[in-house]
Amino acid sequence: MECAELNSKIASFEYTITEVATKVNISRPTAIMLQLQFTKDTLPDSVSNDFQNLNKFNEQQFTSLTEILFNFLLEPKEADRFLHQLSEFAGENGMSAGPLRNLMKSLLLLPHGSLKKNLTEDQVKEDLLTLGVSEDKADHFSQQWSLHYPVLSRLAVGQTLMVNQLVDMEWKFGVTVGTSELQKVGNTFLQLKLVIRKGNSTENVYMGNPWTTVPGLHTRGHGGTETIS
């Protein structure tokens with residue numbers, strides 16, 4: 001009887017704790033893991049908030065910010081000009097320069113990561129939407145990414161070759177004949193494979209450009225990519 005009575009009290013105690021927790025809305029903290037393509041790291045809340053804060057800018061402001069950002073990516077040595085343009089933008093729009101710089105620092109993570117992983121326009125847009133950026137702003141940014149990617153890719157290759165020794169290079173040129181990503185025929189692509197020497201070992205670096213279009217280049221096939229040599 002004593003054992004049965006003890007079990008009854010334990011059950012009653014557990015029910016009471018559950019009832020109290022429900023009434024005061026106590027819940028376990030949950031970690032939301034965003035499925036991003038430009039990075040596998042968990043982004044700090046401050047970075048995620050910066051991306052969502054992009055929605056506070058109107059169309060003209062966001063267009064100007066995007067232009068400032070890509071100008072800096074295309075000419076990374078012009079850091080002073082970049083900071084000056086941000087200060088001017090902040091002053092013209094009644095903002096503090098400090099928070100704006102932090103926001104742009106967070107935003108720069110996206111093109112840097114996307115460049116390393118050779119993300120397409122659609123993939124960049126998907127990541128922006130996942131981060132809470134509105135559809136129109138995600139559209140504009142991803143279109144600018146597609147526009148500037150060829151130059152940014154060449155700059156990245158040049159920087160890689162300056163730091164490391166190029167051992168070998170292979171390239172593949174072809175045309176898509178229908179993929180789930182592009183859903184249209186006739187888009188050409190260029191892929192580079194660089195073999196870089198790092199100390200006593202080598203590393204393969206892949207660079208891709210799926211947006212270049214060469215007029216008059218056509219092939220036939222069903223669902224896939226046909227390489228033209």
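For the sequence shown, full-length UniProt numbering assigns the number 229 to the last residue and increments by one with no breaks. Here a beta-carbon is modelled for each residue, glycine too, at the ideal position from N, C-alpha and C. Model, not experiment: these values are computed from the prediction.
Limits of the alpha helix (DSSP H) - the one that residue i falls within
i	result
N53	D45 to N53
K125	E121 to T130
F62	E59 to L74
F82	A79 to E92
Per DSSP, the bridge partner or partners of residue i
i	result
N102	For N102, which the question treats as bridged, DSSP gives no partner whatsoever.
Beta-carbon contacts of residue i that lie in its chain and below 7 Å, excluding the five residues immediately before and after
i	result
A21	The pLDDT assigned to A21 is 40, lower than 50, so where the model puts this residue is not dependable; a value taken from the coordinates is nonetheless given after this. The answer is none, since no qualifying residue turns up.
Q123	Q37
F57	L65
Q144	T66 and F70
E181	Caution applies to E181, whose pLDDT of 49 falls short of 50 and renders its modelled position unreliable; the value that the coordinates give is listed next. Answer for E181: T120 and D122, listed in chain order.
A31	Confidence at A31 is low in this model, with a pLDDT of 37, below 50, so its placement is unreliable and the value that follows should be read with caution. Nothing listed; no residue qualifies.
Q61	N93
M104	L69 and L86
Same chain, Cβ closer than 8 Å to residue i, five either side skipped, listed in chain order
i	result
G132	S48, F51, Q52 and N55
S87	A97
F82	I68, N71 and F72
L100	L86, F89 and A90
L152	L73, L74, P111 and L115
E126	Q37
P44	none
A79	F72
L129	E135 and A138
S106	S46, V47, D50 and F51
H148	F70, L73 and L74
K77	none
T63	H140
Close beta carbons around residue i, own chain, < 6 Å, minus the five adjacent residues each side
i	result
H140	none
A156	L115
L108	none
L34	T130
The ligand GTP heavy atom lying under 8 Å from the CB of residue i
i	result
G91	The ligand GTP is not among the ligands present in this structure, which contains no ligands whatsoever.
Checklist line | Segment contact flag, the region 46 to 55 with the region 79 to 93, C-beta cutoff 8 Å, min 3 pairs | finding: Short answer: they don't touch.
Next item on the list: Say whether the region 33 to 42 touches the region 113 to 127, bearing in mind that this needs 3 or more beta-carbon pairs closer than 8 Å, one atom from each stretch.
Entry: yes
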